[in-house]
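Student: Take this structure first; my questions come after.
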Amino acid sequence: MIKTSVIIPVYNTASYIEECIDSVYKQTQKEIEVIAVDDGSTDGSLNVLLDMKKKYPGLTVISEENHCQGYARNVGMKLAKGEYIYFLDSDDFIIEDTLETCYDYALKNNLDVVLFDALDFEDSVERTPIEPNYDDRHDIINEGQNIFSGIYFLDKYLEKTYNPCTCLVYCSANFLKKNDVWFMPEVYFEDNEFYCRIMTLAQNAMYIPKMFYRCRCRKTSTTRTKFDLRRANDHIEVVSAIADQKLLNDGKGWYIIRKIALKLLQYVTA
Numbered sequence: 001m002i003k004t005s006v007i008i009p010v011y012n013t014a015s016y017i018e019e020c021i022d023s024v025y026k027q028t029q030k031e032i033e034v035i036a037v038d039d040g041s042t043d044g045s046l047n048v049l050l051d052m053k054k055k056y057p058g059l060t061v062i063s064e065e066n067h068c069q070g071y072a073r074n075v076g077m078k079l080a081k082g083e084y085i086y087f088l089d090s091d092d093f094i095i096e097d098t099l100e101t102c103y104d105y106a107l108k109n110n111l112d113v114v115l116f117d118a119l120d121f122e123d124s125v126e127r128t129p130i131e132p133n134y135d136d137r138h139d140i141i142n143e144g145q146n147i148f149s150g151i152y153f154l155d156k157y158l159e160k161t162y163n164p165c166t167c168l169v170y171c172s173a174n175f176l177k178k179n180d181v182w183f184m185p186e187v188y189f190e191d192n193e194f195y196c197r198i199m200t201l202a203q204n205a206m207y208i209p210k211m212f213y214r215c216r217c218r219k220t221s222t223t224r225t226k227f228d229l230r231r232a233n234d235h236i237e238v239v240s241a242i243a244d245q246k247l248l249n250d251g252k253g254w255y256i257i258r259k260i261a262l263k264l265l266q267y268v269t270a
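Residues in the sequence shown are numbered consecutively from 1, following my numbering.
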């Protein structure tokens, strides 16, 4: 039985992939599968993945033309056989008890989604932590080990903790399949639409106040690259897709989803 499918979209991160994949295979949870999808890398990332497969024969390596990471994640989701799905970026890594802890909480409480935090650090030899760390929300989110709906969470914490990073959620595969949840392909910022969708639909969610994720802050990452016309257009397309969620869950979350869409649109026009 596969407890967790870890899906890793890869694009031009040859220098970081080994640490990323090592961190998954060093997990205390061993009933896992790892699916790495190379998204048309040009820096030799695919060769590194193939070398990693020699080290970890169970590693699944898929090579695709460049379509953006949403497409690559969808490819991985179609192959995933785990009870739960986790998306990990190829230039980052996770601490060793991440998957086991998330799985135990999810299974015990029949959770659709588990939320947690990240430690952000500079892409340097020193790996200096970034301050302030907006991916550490334990001082703001005060839910204990309570189970809540995604809509409740969005409504209560939108102003201070909106964080659509897909790498900070651990999802039930059945929940995603039942609700036909996929990523928008061919666009940047697709995390926003995915996050809004799963949170609108999630009936059982829980927040774990622990920084399981280690996020490498690179100047060349998607979120830190200069905001050009392509990115502006993609942002608007994502906002439009979020607006299309108006009737999701019988429209119960529209009042908060509308606020998110407007905030994202203001970001483009600012």
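The beta carbon of each residue, even a glycine, is placed where N, CA and C say it ideally should be.
In chain order, what residues of the same chain lie with their CB nearer than 7 Å to the CB of GLN145, ignoring the 5 residues before and after it?
Tutor: So the qualifying residues of the chain are MET206.
Student: Below 8 Å, how does it come out for the segment 29-42 and the segment 63-78: are there three or more Cβ pairs, yes or no?
Tutor: A contact exists between the segment 29-42 and the segment 63-78.
Student: Secondary structure at ILE257, three-state DSSP: helix, strand or coil?
Tutor: The answer is helix: DSSP assigns ILE257 an H, G or I state.
Student: So is the beta-carbon of ASN66 under 7 Å away from any non-hydrogen atom of the ligand SAM?
Tutor: Inclusion of the ligand SAM in the displayed structure is not the case, the ligand content being empty and no account of it being possible.
Student: Would you call the segment 180-194 and the segment 155-166 touching, i.e. three or more CB-CB distances under 8 Å?
Tutor: Segments in contact, yes.
Student: Can you give me the C-alpha to C-alpha distance between ASP228 and ASP92, rounded to a whole angstrom?
Tutor: When rounded, the distance between both Cα atoms is 25 Å.
Student: Counting along the chain, where does the alpha helix (DSSP H) carrying GLU122 start and finish?
Tutor: Unbroken run through GLU122 is the beta strand (DSSP E), 118-122; no alpha helix (DSSP H).
Student: Roughly how far, in whole angstroms, is the beta-carbon of LYS252 from the beta-carbon of ILE151, given that I think they are within contact range, below 8 Å?
Tutor: The pair is a contact, with the Cβ atoms about 6 Å apart (cut-off 8 Å).
Student: Do you know whose CA, among THR101, VAL61, GLN29, lies nearest GLY40's CA?
Tutor: Measuring from the Cα of GLY40, the nearest candidate turns out to be VAL61.
Student: Tell me which same chain residues have a C-beta within less than 7 Å of the C-beta of MET274, skipping the five on either side of it?
Tutor: Residue 274 lies beyond the stretch modelled for the chain, which goes from 1 to 270, so this question has no answer here.
Student: In angstroms, rounded to a whole number, what distance separates the CA positions of TYR71 and ILE141?
Tutor: Each residue's alpha carbon lies about 32 Å from the other.
Student: To the nearest angstrom, how far is it from the Cα of LEU265 to the Cα of LYS177?
Tutor: The straight-line gap from Cα to Cα measures roughly 29 Å.
Student: Can you tell me whether HIS235 is buried or exposed, with buried defined as 16 or more other CB within 10 angstroms of its CB?
Tutor: So HIS235 counts as buried.
Student: Per the DSSP calculation, TYR84 is bridged to which residue(s)?
Tutor: The partner list for TYR84 (beta bridge, DSSP) reads THR4, SER172.
Student: Please report the straight-line C-alpha distance between ASP155 and SER172, rounded to a whole angstrom.
Tutor: About 22 Å.
Student: Hey, could you find the ends of the beta strand (DSSP E) ALA36 is sitting in?
Tutor: 32-39 is the span of the beta strand (DSSP E), which, as asked, contains ALA36.
Student: Can you grab the Cα-Cα spacing for the pair LYS246 / ILE257, in whole Å?
Tutor: Looking at the two C-alpha atoms, the distance is approximately 8 Å.
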